[in-house]
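Engineer: Numbering (this note's numbering), first residue to last: 612 to 1195.
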Amino acid sequence: MRKAVRGLAALGILAATIGLTATPASADGDAITVDPGSVAVTLQLGQPRQVALSLSNPTDTDATVSLDGASSAVAPAAAPAPASARTATPAVTIPTKTTGHMLGGKKLTSAAPAPAPATATADGWNSQAALPTVSMDSAVGVYKGKVYSVGGVVGGGFFPPLTAGGYVYDQASDSWSALPDLPGDSLGHPGLRDKPAGAFIDGTFYVTGGWVNDGSTEGSTLAYQPGAASWTNVATNEVPYAAAGTAVLNGKLYQVGGCRYTCGSTDVRVFDPVAKKWSNAAPYPERTAWTSCGAVAGRLYCAGGYVDNPGGTHASSGATYAYDPDTDSWTRMADMPESLWASAYTASAGQLVVSGGSTGSTTTTGVTNRGYAYKVATDTWSAIPAAPKALYRSGSACGMYAVGGSVSKVNPVADTSLLAGYGTCSDYVPWLSVSPKRVTVPAHGSATVTVSVDTSKLDQPRNQTAALDITSSLPGTTPPVPVSLDATPPPSWGLLTGTVSGKNCAGTVAPLGDATVEVDWDTDGTVLHTNASGEYRRWIDTAKNPLTMLASSDGWRAQMRSVSLTAGATSTQNFTLAAYPGCK
612 MRKAVRGLAA LGILAATIGL TATPASADGD AITVDPGSVA VTLQLGQPRQ
662 VALSLSNPTD TDATVSLDGA SSAVAPAAAP APASARTATP AVTIPTKTTG
712 HMLGGKKLTS AAPAPAPATA TADGWNSQAA LPTVSMDSAV GVYKGKVYSV
762 GGVVGGGFFP PLTAGGYVYD QASDSWSALP DLPGDSLGHP GLRDKPAGAF
812 IDGTFYVTGG WVNDGSTEGS TLAYQPGAAS WTNVATNEVP YAAAGTAVLN
862 GKLYQVGGCR YTCGSTDVRV FDPVAKKWSN AAPYPERTAW TSCGAVAGRL
912 YCAGGYVDNP GGTHASSGAT YAYDPDTDSW TRMADMPESL WASAYTASAG
962 QLVVSGGSTG STTTTGVTNR GYAYKVATDT WSAIPAAPKA LYRSGSACGM
1012 YAVGGSVSKV NPVADTSLLA GYGTCSDYVP WLSVSPKRVT VPAHGSATVT
1062 VSVDTSKLDQ PRNQTAALDI TSSLPGTTPP VPVSLDATPP PSWGLLTGTV
1112 SGKNCAGTVA PLGDATVEVD WDTDGTVLHT NASGEYRRWI DTAKNPLTML
1162 ASSDGWRAQM RSVSLTAGAT STQNFTLAAY PGCK
């Protein structure tokens, strides 16, 4: 049941204390308008604030509206144009062999690729810089304008090589650079993984599951902070899978179905990064693997999939299901226009977007470049522009990015493509929420929703930006509502900052990236890591004085000192470490 929508007066909101843009969000004439059109809040860390948004419907039809927190890229790329206006690649399906299993077997001759794309336009696919190597089955995530791709398969042959490596793509420079390798386990096995799951949650890239060389699945859950020199093992998934449908819902990583030695499971595994624990959600209504999942307006949507059947056969699915975390239950929604699995996918602008993948069953298989978008507000599917190539088992993420993939059973490519119009993606923004997330706005009427900003969800003062993504059953488009937060330090806090450098035996001093600065006080402490320039910073309550600091880095002699902070002031503590074990 939907919660009742409360009026402005009942909210008790002091709008005058918040920077609000008076101009309603610009929208098409047949779309929902929003007033105010943006929200800017300045709050002391630990304080909450509520803001009322008025949704108006200028049409003759009642509108179902969904609202969701979105990533900080609040201005989406150009919306997809109507099909009649597109200049795009023809949609094709290439008959070829495919597999949902860990890759192995004789390398196949590449099938003919889809016809070369026409000149890319704002409403179609755009080619990005190619990966440094061919790749398929990688885990992909997007954060602050960069695309991270790790693990997967990086070649063909009888035993296609797996990788523990990864790369990060910088949109600004249109180039890729190497990431630290995924770590091995305690038994000395390397960190190679085929089709792990991966996603960013609150600025951390989590990677889990995937096949390893012996065909089993790996249970370690790894975390990576952008710019760090290594990964951290944060939890163990007791029931790990490869090729699970993956999405982030309410700050938790969901894995739907998947493969172990065979493909197809009803298991739904949930990782809580705060508690660092895995748990189970309600089983998926059918056995599945290679399904496409995304979170929209507080619910998880999954479509398509693949399953092994007795006798060595397999089947694909076109079913769509929605998961409600409040009731821990799944509901059948409108089926896909065709059965697809191993597609590229994301959730964006109130839609689950699915592109490419494998079609058919045991006897009739192929790889396609066709794609579809499921609009949550109307429970309908529609076609999206065909991808430049027919590929399956690509990595994918918000953008919409498709990274690598294969043209047949095991023929990986290095292609990277971006589909414009899907750059505003549902995301976990811990300090931002909206209630209700779904509301009916009557024809020529309005409704009010409450936006909540809660700085107690942040551990440090900082400037934050996000957006509210608004979609409706109306044909027009409502732009996202930008939300900015300036979280200021409490009066009793002081700033601890500085650099960590190393002085080598030749007397040269250089900054030490990813050095550790341990800060301890009476009952607790924290561990900081320097950036590539050797810098660190942390606001700390002066009630924790005095502080003990220990700066260290591999190959350098650690240094310790004590310091007391002054409220509202900056204490700069620079460390220059000597080479260890020493100079001759």
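Every residue gets a Cβ at the ideal spot worked out from N, C-alpha and C, and that includes glycine.
Would you kindly work out how many angstroms separate the C-alpha atoms of V779 and C870, rounded to a whole number?
Structural biologist: 27 Å
Engineer: If the criterion is Cβ atoms closer than 9 Å, does the pair Q661 and S1057 meet it?
Structural biologist: no
Engineer: Have a look at I995 and M947 and give me their C-alpha separation to the nearest angstrom.
Structural biologist: 13 Å
Engineer: Is H925 buried or exposed, if buried means 16 or more other CB atoms sit within 10 Å of its CB?
Structural biologist: buried
Engineer: Quick check: the Cα distance between K1114 and P1122, rounded to an integer number of angstroms?
Structural biologist: Taking C-alpha positions only, K1114 is separated from P1122 by approximately 9 Å.
Engineer: In terms of residue numbering, what span does the beta strand (DSSP E) encompassing K863 cover?
Structural biologist: Annotation for K863: the continuous beta strand (DSSP E) segment containing it runs 863-867.
Engineer: Mind checking H1055: buried by the 16 CB within 10 Å criterion, or exposed?
Structural biologist: exposed
Engineer: Look at the Cβ atom of A914, then the Cβ atom of L864, and state whether they are nearer than 9 Å.
Structural biologist: no
Engineer: Quick check on DSSP: helix, strand or coil for T1066?
Structural biologist: helix
Engineer: Select from V1174, T970, T942 the residue whose C-alpha is nearest the C-alpha of S928.
Structural biologist: T970
Engineer: Just to confirm, are R910 and P936 a CB contact at a threshold of 9 Å?
Structural biologist: yes
Engineer: Give the DSSP-derived three-state secondary structure of T1153 in the structure shown.
Structural biologist: If DSSP states are grouped into helix, strand and coil, T1153 belongs with the helices.
Engineer: Residues in its own chain within less than 6 Å of C1009 by CB, not counting five upstream and five downstream?
Structural biologist: V753, T957, C1036
Engineer: Going by beta carbon distance, what residues of the same chain come within less than 6 Å of S1175, once the five residues before and after it are set aside?
Structural biologist: N1156, P1157
Engineer: Which residue wins for smallest C-alpha separation from N848, given the options A663, A988, V881, D825?
Structural biologist: V881
Engineer: Roughly how many angstroms lie between the CA atoms of A1189 and S1163, to the nearest whole one?
Structural biologist: Approximately 10 Å between the Cα atoms of the pair.
Engineer: Would you kindly work out how many angstroms separate the C-alpha atoms of N1022 and S827, rounded to a whole number?
Structural biologist: 22 Å
Engineer: Please go through the same chain and pick out, in chain order, the residues whose beta-carbon is closer than 6 Å to the beta-carbon of G830, but skip the five residues on each side of it.
Structural biologist: T847, N848, P851
Engineer: I'd like the ranges of any beta strand (DSSP E) spanning at least 3 consecutive residues and lying wholly in the stretch 1103-1150.
Structural biologist: 1104-1114, 1120-1122, 1127-1131, 1136-1140
Engineer: Y934 and A908 - do their beta-carbons sit closer together than 9 Å?
Structural biologist: no
Engineer: Let me confirm a value: Y872 is counted as buried when at least 16 other C-beta atoms fall within 10 Å, else exposed. Which label applies?
Structural biologist: exposed
Engineer: Could you give the distance in angstroms between the alpha-carbon of Y759 and the alpha-carbon of A789?
Structural biologist: One Cα belongs to Y759, the other to A789, and the distance between them is close to 10 Å.
Engineer: Quick check: T1027 and A741, are their CB atoms within less than 9 Å of each other?
Structural biologist: Closer than 9 Å, so yes.
Engineer: Identify which residue in D671, V645, G735 has its Cα closest to the Cα of G1032.
Structural biologist: G735
Engineer: Closest to P999 by CA distance: which of T710, L1106, T1181, V1024 is it?
Structural biologist: V1024
Engineer: Flag this pair as yes or no: are the beta carbons of G764 and S738 separated by less than 9 Å?
Structural biologist: It should be noted that the sequence gives Val, not Gly, for residue 764. No, Cβ-Cβ distance for V764 and S738 is not below 9 Å.
Engineer: Alpha carbon to alpha carbon, how far is A1178 from R1148?
Structural biologist: 15 Å
Engineer: If distances are taken between C-alpha atoms only, which option among R1073, S1067, T1059, V1052 comes closest to S1083?
Structural biologist: V1052
Engineer: When the Cα atoms are used, what is the spatial distance from M1171 to D1165?
Structural biologist: 15 Å
Engineer: Can you tell me whether DSSP reads P1023 as helix, strand or coil?
Structural biologist: strand
Engineer: Relative to the alpha-carbon of P896, which residue among K888, V879, A906 has its alpha-carbon at the smallest distance?
Structural biologist: V879
Engineer: Can you pull the DSSP bridge partners for G856?
Structural biologist: DSSP, once it has assigned bridges, lists V867 as partnering G856.
Engineer: Have a look at the DSSP bridge pairing and note the partners of Y780.
Structural biologist: V758, W787
Engineer: Consult DSSP for P921 and reduce its assignment to one of helix, strand or coil.
Structural biologist: helix
Engineer: For Q962, which beta-bridge partners are listed by DSSP?
Structural biologist: S959, K986
Engineer: State the DSSP-derived secondary structure class of P659, mapped to helix, strand or coil.
Structural biologist: strand
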